[in-house]
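Asker:
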Amino acid sequence: MNHDSSTMKTKIRRLEEDNLKKEKEMESLLNPGKSEEIRRTIGDRKPDSGAVIHSLKQKILKLEVQLRDRESAYNKLQAELKVTKVEEMKVQMEALYQEIVRLQNIKSASSTKVGSENSVRVKALNETILRLSRSNEALQQENRSLKEDLEKAIEGSNLKPDLDRDYDDMNRRELLMTISNLEKRVNKGERYETDSTGSLDKDVSRSKLVLKGSLEERLSQLDHRETELLDEVQRLKLTIKRLREERSSRKLDERESLPPTPTPRRRASRDVGSAGSSRRPSSASRPYSARRDSMMSEDRAQNVNEFKQRHAATSIQRQWRNRKQQQEQDEKVQHFRENRAAKKIQNEWIGYQHRKHDGDVDDAAYTIQAALNGHRSRKKQLRHLADDDSSTATEDDDDVFLIQSSLKGHHARVEQMKRLRSQRYDSYEDEDEYYDTKSSGQSRRSSVQRPSSGKGQRRKASTPSVHRFKPKYGSGLIGETNGDDDDEDIMF
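In terms of full-length UniProt numbering, the sequence shown has 225 at position 225, counting the first letter as 1, and numbering is strictly consecutive.
(1) Report the rounded CA-to-CA distance for A341 versus R131, giving the unit in angstroms.
(2) Quick check: the Cα distance between K57 and E87, rounded to an integer number of angstroms?
(3) According to DSSP, simplified to helix, strand and coil, what is N31?
(4) Going straight from the alpha carbon of K380 to that of L61, what length do you get?
(5) Among the residues of its own chain, which have a CB less than 8 Å from the CB of Y288, if the five just before and after it don't count?
(6) Just to confirm, are N136 and L229 a CB contact at a threshold of 8 Å?
(7) My understanding is that E226 touches L125, with C-beta atoms under 8 Å, so please give their C-beta distance in whole angstroms.
(8) Count the other CB atoms, across all protein chains shown, that sit within 10 Å of the CB of S422; report buried if there are 16 or more and exposed otherwise.
(9) Which one of V361, L407, V400, F336 has the shortest CA to CA distance from I106?
(10) Using 8 Å for Cβ pairs, my map puts V233 next to L139. What's the rounded Cβ distance?
(11) Take I316 as the anchor and find which of S248, S214, K22 has the nearest alpha-carbon.
(12) Pull up the CB-CB distance for I179 and N303, whole angstroms please, since I reckon it's below 8 Å.
(13) Give the secondary structure of S214 by DSSP, where H, G and I count as helix, E and B as strand, and everything else as coil.
(14) Buried or exposed, going by whether 16 or more other CB atoms sit within 10 Å of the CB of I129?
(15) What residue from E246, K356, L236, K21 has the CA that sits closest to residue 531's CA?
(16) Measure from the C-beta of Q325 to each C-beta in chain C and report whether the shortest distance is under 8 Å.
(17) Whole angstroms are fine: how far does the CA of L420 sit from the CA of K59?
(18) Which runs of the beta strand (DSSP E) at least 3 residues long sit entirely within the region 70 to 143? Give them in chain order.
(19) For A92 and I100, I'd like the C-alpha separation in whole angstroms.
(20) Quick check on V414: buried or exposed, where buried means 16 or more other Cβ atoms within 10 Å of its Cβ?
(21) Considering only their Cβ atoms, is the gap separating A79 from A386 smaller than 8 Å?
(22) Between E127 and S214, what straight-line distance do the alpha-carbon atoms span, to the nearest angstrom?
(23) Taking R383 as the reference, give the member of K418, L372, L77 with the closest Cα.
(24) Around the Cβ of S405, are there at least 16 other Cβ atoms within 10 angstroms (buried) or fewer (exposed)?
(25) By alpha-carbon positions, which one of Y366, H354, H410 ends up nearest to A109?
(26) Whole angstroms is fine: what's the gap from K408's alpha carbon to K418's?
(27) How many Å lie between A370 and Q98 at the Cα?
(28) Can you list, in chain order, the residues of its chain with a C-beta nearer than 8 Å to that of N187? Leave out the 5 residues immediately preceding and following it.
(29) Should K343 and R121 be called a contact, given that it needs their Cβ atoms to be closer than 8 Å?
(30) Measure the Cβ-Cβ separation of E246 and L176 and say whether it is below 8 Å.
(31) Can you tell me whether L222 is buried or exposed, with buried defined as 16 or more other CB within 10 angstroms of its CB?
(32) Quick check: what's the CA-CA separation for K22 versus I368?
(33) Tell me the rounded alpha-carbon separation between F401 and E395.
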């Protein structure tokens with residue numbers, strides 16, 4: 001507003017100066033005696049002086065018209081919307097720069113927070129994947145061992161009749177050797193299981209998931225891998241459960257199909273039948289063989305019981321270890337799910353913060369837009385004020401053109417009077433010349449002579465005939481000069 005008031009004051013001052021200048025020029029035209037230029041023009045009889053002055057005034061008029069056009073173009077450029085105040089632009093630029101710096105700081109802080117959280121999340125997911133891959137490998141190894149046991153059991157079932165015959169024909173020492181061999185096989189299988197778990201850890205360390213792409217793609221890959229591992233773990237659990245049931249059923253079938261332990265009575269009856277069919281044993285050898293068979297049957301029963309107890313103990317221990325591993329696995333899965341739920345809640349909270357920040361940014365943008373709309377409305381108002389000023393300038397131009405037209409009419413009348421005066425002046429000169437030729441007095445000739453140049457015309461201006469028309473000539477010339485000056489001065 002201060003700038004607008006200063007511009008209006010300068011315009012008013014300029015118009016006042018123009019009005020004063022025009023008033024002075026009009027006064028000088030109305031009072032020709034005060035103007036030296038008019039007096040000089042009246043006294044000068046050269047025909048070129050008026051033309052030179054007229055041409056110079058035309059040039060001045062053209063230059064002033066050009067100056068007015070340039071001023072109007074300059075005012076138009078100032079009134080355009082693109083041209084704004086320097087101070088307002090500085091204030092707006094400072095505000096926008098501060099807003100940009102604030103948004104950049106917020107963005108950098110949020111990006112660092114998101115990056116740290118994502119790195120922690122990626123690390124936790126990597127650890128979870130390693131743990132699940134280890135459990136997966138362990139379950140696969142156990143599955144393979146169970147399959148091997150099942151295949152062995154199937155092979156043993158195929159050889160069941162041969163084993164029955166072998167057990168029938170074996171003595172105590174051979175049975176003890178068979179039991180020791182079976183125990184060695186069981187121990188060897190347990191050692192193989194421990195070695196396989198150790199090699200499994202090494203394989204797991206090697207089979208680390210390689211992540212590629214951006215951070216979001218890596219997180220999606222980890223989630224996909226996690227779901228695959230969980231599905232595979234569940235599938236392997238079902239397979240292991242089924243294989244255990246099959247193995248237990250096979251063992252029960254084998255136990256049922258094993259030949260019963262020979263009692264002393266059965267062995268004695270068998271020996272008696274065989275002896276009766278083949279040969280008759282002596283009465284001294286029968287009690288000894290019965291005692292020996294009873295001792296062997298007792299030892300065999302004791303060894304079988306011990307083997308069953310050891311086998312039951314190992315099976316119980318294996319089941320206990322499996323149960324413990326299952327509990328640990330369930331605890332790990334539960335812990336992983338809790339961590340995943342917590343991370344999901346954190347991500348949702350971060351998303352809420354981002355949405356809130358976006359809302360703040362939108363509010364700031366709306367504020368800036370409102371400021372710009374206000375600035376645009378002020379510019380439109382200034383443009384309307386400039387249009388009002390231009391309308392007042394056109395009214396002044398109309399007044400000037402009216403004055404110019406009136407002065408041009410006056411100038412035409414003065415020109416006509418000048419032509420009439422020149423015609424009368426020529427007629428009076430002819431009459432004087434006629435009187436000079438008729439008269440013979442020397443005084444008349446010496447006083448009245450015919451002019452041959454501009455100087456003679458000036459000397460004739462002092463004759464009574466010329467002096468008679470001097471007032472008319474002076475008034476006409478003054479009017480003409482006034483008209484010229486007024487016309488030329490008002491035209492600009």
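Even glycine gets a Cβ: it sits at the ideal position worked out from N, Cα and C.
Answerer: In terms of the structure at hand:
(1) 18 Å
(2) 43 Å
(3) coil
(4) 34 Å
(5) Residue placement at Y288 is flagged as unreliable, the pLDDT there being 46, under the threshold of 50; the coordinate-derived value follows with that caveat. No residues qualify anywhere along the chain.
(6) yes
(7) 7 Å
(8) exposed
(9) V361
(10) 7 Å
(11) S248
(12) 6 Å
(13) coil
(14) buried
(15) The structure shown does not extend to residue 531, since the chain is modelled only from 1 through 492, so no value can be given for it.
(16) In the structure shown, chain C cannot be found, because there is only a single protein chain.
(17) 31 Å
(18) none
(19) Strictly speaking, residue 92 in this sequence is Gln, with Ala absent from that position. Rounded to the nearest angstrom, the two C-alpha atoms are 12 Å apart.
(20) buried
(21) yes
(22) 19 Å
(23) L77
(24) exposed
(25) H354
(26) 15 Å
(27) 18 Å
(28) none
(29) yes
(30) no
(31) buried
(32) 50 Å
(33) 10 Å
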